[in-house]
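Converting from the sequence shown to this note's numbering requires adding 19 to each position, the first position being numbered 1.
Okay, so here's the structure we're looking at.
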Amino acid sequence: MYAHQKNKKSTKIMLFLKNKIITLMGSILYLKFLEFRIKVRRLFCLLKEIKLKIVKFNAEIYYNKLPSNYNFPY
20 MYAHQKNKKS TKIMLFLKNK IITLMGSILY LKFLEFRIKV RRLFCLLKEI
70 KLKIVKFNAE IYYNKLPSNY NFPY
């Protein structure tokens, strides 16, 4: 085997490995992005829960302030 043929083969292997590493890094970045999205979604769910609790709390305060003979319009 000639030297330039050997060099060509090692270059092909290096390119193959480089592509595999790039693919792997892309996959890792995508997984990190998905993880971040899940964290953001959890945060928004938590904020929604807090908002609902505040609304419920305000409704209870309003309900308790109503006169006892108040009839709800159903």
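Glycine residues also receive a C-beta, built at the ideal position from the N, C-alpha and C atoms.
Out of curiosity, what's the CA-to-CA distance linking residue i and residue j?
i   : j   : result
K39 : L53 : 21 Å
T42 : L36 : 10 Å
K84 : L50 : 51 Å
I57 : E68 : 16 Å
Y82 : F76 : 10 Å
V59 : K28 : 47 Å
I73 : I80 : 10 Å
F55 : K70 : 23 Å
L48 : L34 : 21 Å
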